[in-house]
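Numbering (this note's numbering), first residue to last: 35 to 385.
First up is the structure itself, then whatever we jot down about it.
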Amino acid sequence: MNRRDWIKAMGGAGGVFLLTPSLSACGGTASEVSRTAMPVNSGSGTARVAFIKTTNREEGVKRAIELLRFKDELKGKSVFLKPNFNSSDEFPGSTHIDTLRTLTGELRRLDSGPVTIGDRSGMGDTREVMRKKDVLNLAGDQKAGILVFDELKEEDWKAFQFQNSLWEQGFAIPKQVLAADAIVQTCCLKTHRFGGHFTLSLKNSVGLAAKRVPGNSYNFMSELHSSPNQRRMIAEINASYRPALVVLDGIEAFTDGGPDKGTKVASNVIIAGTDRIAVDAVGVAILRHFGTTPVVEKGSIFEQEQIAQAVKLGLGVTGPDQIEILTDGKESRDYAEEIRKQFAMKEAQKN
């Protein structure tokens, strides 16, 4: 199927074709556009990032979410929960089952509606990855649904095509994900040796996008991973949705290698927020604090291509001065102050 036929077919199935990620659309209804393409904010204001120094996942996730002071934002809402199950490798190669269990429990505490856990594995069969990681049993225990993207049909996908997009044929996201009242994701803290440079919340969104759509032989992930624009294309995927919550498990991190294996450090942190740019900026600062790859060390944090493109698309904060780091004790506060120094270092070197 060529590009014209793909866009025509998916447009008939409810595709969204945007002039810009935040301005207008040709096709789809107004409600579809506002739900899937409206920017998180206009780049003004402050994003709060909860920062907890800990070695205890359950405690850390609970404390981080508590700092964000959710009220009724998730009450009664259906939730799609996106973990990082690109492979079945041990944490931080993939989401730790204790983090996923604690997060589903916290969603219940916040009186959310039904929760569905779903993903697409890039380095294995998704259902088998979920089985090996004990996600299927966890979902049963937590009364959560499971969505295996590999098993979806053509009509289950929504196509996105932005004007001047770096994606040659756009990309597609499951309709069930976009239909959820709230999207929550939990990511890891690690570098990415296949061109992403790092894989935090922005990169975790790649698992939402189709590798192939039934009826279309085009390999979207081959395009992504072979493109010199890979990191900016990652940011474009994030323009398709707005997260209600992001939890980053940084109890351990890969400072090189990744996403499946790498040099592991005890970074001892859980962070959480609703702004992906802010969360990822803090995550990159942590990687730099421990010493990481030359490409992740290069330039200022907000010059990293994933982050810079996300800023350009209006997906969150535009600089470190707009990030408010929340802590709940001296140990976390002291650690956060050390991490915040990473934002000033490269800026000072430039001046």
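Ideal Cβ positions, reconstructed from N, Cα and C, are used throughout, including at glycine.
Is it right to say glutamate 202 is buried, meaning 16 or more other beta carbons lie within 10 angstroms of its own, or is it exposed? By one-based count along the sequence shown, residue 202 stands at place 168. It counts as exposed.
Are threonine 129 and aspartate 294 touching if we call contact CB-CB under 8 Å? The count along the sequence shown starts at 1 and reaches residue 129 at position 95. The count along the sequence shown starts at 1 and reaches residue 294 at position 260. Not a contact, by the Cβ cut-off of 8 Å.
Distance CB(isoleucine 83)-CB(isoleucine 359) smaller than 8 Å: Mapped onto the sequence shown, residue 83 falls at position 49. Mapped onto the sequence shown, residue 359 falls at position 325. Per the sequence presented here, residue 83 reads as valine, with isoleucine not at that position. Taking 8 Å as the Cβ cut-off, valine 83 and isoleucine 359 qualify as a contacting pair.
Same chain, Cβ closer than 7 Å to asparagine 120, neighbours up to 5 away in sequence not counted: Within the sequence shown, the letter at position 86 stands for residue 120. The residues are Ser128, Ser155, Gly156, Met157, Gly241 and Pro293.
Classification of serine 256 by the beta-carbon crowding that lies within 10 angstroms, buried from 16 upward: Looking up residue 256 in the sequence shown gives position 222. So serine 256 ends up on the exposed side.
Going by beta carbon distance, what residues of the same chain come within less than 6 Å of glycine 152, once the five residues before and after it are set aside? In the sequence shown, counting from the first residue as 1, residue 152 sits at position 118. Setting aside the 5 residues that flank it on each side, glycine 152 is surrounded in the same chain by Leu181, each with a C-beta closer than 6 Å to its C-beta; the list follows chain order.
Using three-state DSSP, classify alanine 130 as helix, strand or coil. Translated into positions along the sequence shown, residue 130 becomes position 96. For clarity, residue 130 is histidine in the given sequence; the question names alanine instead. Correct three-state label for histidine 130: coil.
Which value, in whole angstroms, describes the spacing of the CA atoms of leucine 170 and arginine 161? Position 136 of the sequence shown, counting from 1, holds the residue named residue 170. Position 127 of the sequence shown, counting from 1, holds the residue named residue 161. The straight-line gap from Cα to Cα measures roughly 9 Å.
Asparagine 272 and serine 239 - do their beta-carbons sit closer together than 8 Å? Taking the first residue of the sequence shown as position 1, residue 239 is located at position 205. Taking the first residue of the sequence shown as position 1, residue 272 is located at position 238. Inclusion of serine 239 and asparagine 272 in the CB contact set at 8 Å is warranted, their separation being smaller than that value.
State the DSSP-derived secondary structure class of proline 117, mapped to helix, strand or coil. Working through the sequence shown from its first residue, we reach residue 117 at position 83. In this structure, proline 117 counts as coil in the three-state DSSP scheme.
Do you know how far the Cα of isoleucine 217 is from the Cα of arginine 276? Walking along the sequence shown from the start, residue 276 turns up at place 242. Walking along the sequence shown from the start, residue 217 turns up at place 183. In a straight line, the C-alpha of arginine 276 is about 7 Å away from that of isoleucine 217.
Checking the sheet assignment: what are the DSSP bridge partners for arginine 82? Numbered from its first residue, the sequence shown carries residue 82 at position 48. In the DSSP assignment, arginine 82 forms a beta bridge with Glu358.
Collapsed DSSP secondary structure at proline 148 in the structure displayed: Translated into the one-based positions of the sequence shown, residue 148 becomes position 114. Proline 148 falls in the coil class under three-state DSSP.
In angstroms, rounded to a whole number, what distance separates the CA positions of valine 316 and isoleucine 373? Here residue 316 corresponds to residue number 282 of the sequence shown, with the count starting at 1. Here residue 373 corresponds to residue number 339 of the sequence shown, with the count starting at 1. Each residue's CA atom was taken as its position, placing valine 316 and isoleucine 373 some 8 Å apart.
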